[in-house]
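J.:
In our numbering, the protein residues as written are 15 to 480.
#1: Once DSSP output is grouped into helix, strand and coil, what is the label at residue 84?
#2: For the putative contact between residue 397 and residue 418, defined by C-beta atoms under 8 Å, what is the C-beta separation to the nearest angstrom?
#3: Which same chain residues, not among the five before or five after residue 394, have their C-beta less than 6 Å away from its C-beta?
#4: Leaving aside the five residues before and after residue 399 along the sequence, list all residues of the same chain whose C-beta is less than 8 Å from its C-beta, in chain order.
#5: Just the Cα atoms here: how many angstroms apart are residue 26 and residue 267?
#6: Which residue's Cα is closest to the Cα of residue 330: 316, 38, 345 and 318?
#7: When the Cα atoms are used, what is the spatial distance from residue 185 to residue 131?
#8: Counting Cβ pairs closer than 8 Å, one from the region 304–312 and one from the region 336–343, do we hit at least three?
#9: Which residue's Cα is closest to the Cα of residue 241: 109, 272 and 71?
#10: If residue 69 and residue 103 are in contact, beta carbons under 8 Å, what's the gap, nearest whole angstrom?
#11: Would you kindly work out how many angstroms separate the C-alpha atoms of residue 491 and residue 352, rounded to a whole number?
#12: In whole angstroms, what is the alpha-carbon distance linking residue 8 and residue 17?
#13: Taking the straight line between their C-alpha atoms, what separation do you get for residue 349 and residue 465?
#14: Can you tell me whether DSSP reads residue 96 as helix, strand or coil?
#15: Alpha carbon to alpha carbon, how far is residue 437 from residue 382?
#16: Short of 6 Å in beta carbon distance, which residues of its chain neighbour residue 127, apart from the five on each side in sequence? Order them along the chain.
#17: Determine whether the beta carbon atoms of residue 449 and residue 424 lie at a separation below 9 Å.
#18: Do residue 380 and residue 363 have their CB atoms nearer than 9 Å?
#19: Below 9 Å between beta carbons: does that hold for residue 40 and residue 57?
#20: If I follow the unbroken alpha helix (DSSP H) through residue 313, where does it start and stop?
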């Protein structure tokens, strides 16, 4: 039981440290009193919801048929769930009752149950989890008389009980979705091309079915990737040159980096950005929203860190196909092919920030486009260099990833603030010089480090107990 209870901590210990820091900060704000009480309560609610996101991600990893065959698995999972419920649901509700009264604690019990279900739905891959965002956005457009009419019902002592019953039904459906009855699907033939790791973040063993829309979008994107690879291969065989060889290698290693893959990415991430922009409304600062949009565009670069371990077994065949003079030449060709991620990422940054500007502050569109043109290219190169330099140790990888995350957001927001305050000349030029200097230096160092580091052709080792 304890092993399952601490599984989210073991999988994302850095995130758990951030969660504990948020809870400590929320407690300090509430104890201090005054205007900080409301902020502390909101921060605590977000931290608790984040804890259940981590628990849901761990549960998603256990969603395999064979785990149900483990002795005492149901009892251990039930015990772990009860322990998490005690720490991250019942105890906070009891503290809310002591601080604000029994009725507030009872309402927190009902609302907290629905928030837990929302977190589990979101992490399980169900599209139902995103319907909550639609409800949140739709509530902004409901007339005030409607809220006045249902205010007595919202204050009813029976409403939390209804929330508990609804949450129980949703949890039962979620369990059946994660652990469906019946035989598992047959595995793919080993003679077929392996499924791209971009589907389900490489989790091809999951029994959770994918939506038909995602299957169609991925299939449509793969048609474009196959056509591009055939064109590049035909061009190279017609007239072999180093330039055409690099283009063929990029098409092979980065199948999503082609117009159809970009369109699918823009559709999916654009929908998320549109939901966020509409939810925050036009009272939000455009620099903050555009910063998030730029950050979303940069997340695709992590495919280098996630994909290289799974690519290692295929490198032997690729090595003999390219027939380089030395292993260093082979690694140089590989690392240079990763530069093919830059065009799609930079274009995505323009698309996402333009969408955010149109939804939040249309008059600021020109300024947002200029700031994106200054920040996106060097940030893309620097982020690629950092992901390329991730250490092998999983703990160090987590630390570097978190540092990269905060560095990205800090640089983006600082760049927007400087350009907004001092203009394109006095604010943009220094930002341009500093970011490009760091990006070029980071890329040169990362490239040299990657070429000089040993390259493994072995598949990644399975985790103990997997």
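C-beta: ideal position from N, C-alpha, C; glycine also.
T.: Result, derived from the coordinates:
#1: On the chain shown, residue 84 is found 70 positions in, with the first residue counted as 1. Coil at residue 84, not helix or strand.
#2: Here residue 397 refers to the residue found at position 383 when the chain shown is read from its first residue. Here residue 418 refers to the residue found at position 404 when the chain shown is read from its first residue. Residue 418 and residue 397 do touch by the CB rule: their CB atoms are close to 7 Å apart, below 8 Å.
#3: The residue you call residue 394 lines up with position 380 of the chain shown. For residue 394, where only same-chain residues beyond five positions count, the Cβ hits under 6 Å are 356, 359 and 360.
#4: Here residue 399 is taken as the residue at index 385 of the chain shown, counted from 1. The answer, listed in chain order, is 453, 456, 457, 459, 460 and 461.
#5: As a working mapping, residue 26 is identified with position 12 in the chain shown. As a working mapping, residue 267 is identified with position 253 in the chain shown. Between residue 26 and residue 267, the alpha-carbon positions lie close to 29 Å from each other.
#6: Within the chain shown, numbered from 1, the residue matching residue 330 stands at position 316. Residue 345 is the option with its Cα nearest to residue 330.
#7: To locate residue 185, count along the chain shown from 1; it is residue 171. To locate residue 131, count along the chain shown from 1; it is residue 117. So the two alpha carbons sit approximately 7 Å from each other.
#8: The region 304–312 vs the region 336–343: no contact.
#9: If you number the chain shown from 1, residue 241 lands on position 227. Per the Cα distances, 272.
#10: Start at 1 with the first residue of the chain shown, and residue 69 comes out as number 55. Start at 1 with the first residue of the chain shown, and residue 103 comes out as number 89. Incorrect: roughly 11 Å between the Cβ atoms, too far for contact.
#11: Since the first and last residues shown for the chain are 15 and 480, residue 491 lies out of range.
#12: One cannot answer for residue 8 here, as it falls past the ends of the chain, which runs 15 to 480.
#13: For the purposes of this step, residue 349 is taken as the residue at position 335 of the chain shown. For the purposes of this step, residue 465 is taken as the residue at position 451 of the chain shown. Rounded to the nearest angstrom, the gap between the Cα atoms of residue 349 and residue 465 is 8 Å.
#14: Start at 1 with the first residue of the chain shown, and residue 96 comes out as number 82. Correct three-state label for residue 96: helix.
#15: To locate residue 437, count along the chain shown from 1; it is residue 423. To locate residue 382, count along the chain shown from 1; it is residue 368. The alpha-carbon atoms of residue 437 and residue 382 are separated by roughly 12 Å.
#16: The count along the chain shown starts at 1 and reaches residue 127 at position 113. Cβ neighbours of residue 127 beyond the five flanking positions: 177, 178 and 181.
#17: As a working note, residue 449 is residue 435 in the chain shown. As a working note, residue 424 is residue 410 in the chain shown. For residue 449 and residue 424, no; Cβs fall outside 9 Å.
#18: Here the question's residue 380 lines up with position 366 in the chain shown. Here the question's residue 363 lines up with position 349 in the chain shown. Not closer than 9 Å, so no.
#19: Working through the chain shown from its first residue, we reach residue 40 at position 26. Working through the chain shown from its first residue, we reach residue 57 at position 43. The answer is yes: Cβ separation under 9 Å.
#20: Taking the first residue of the chain shown as 1, we reach residue 313 at position 299. For residue 313, there is no enclosing alpha helix (DSSP H), as DSSP gives it neither H nor E.
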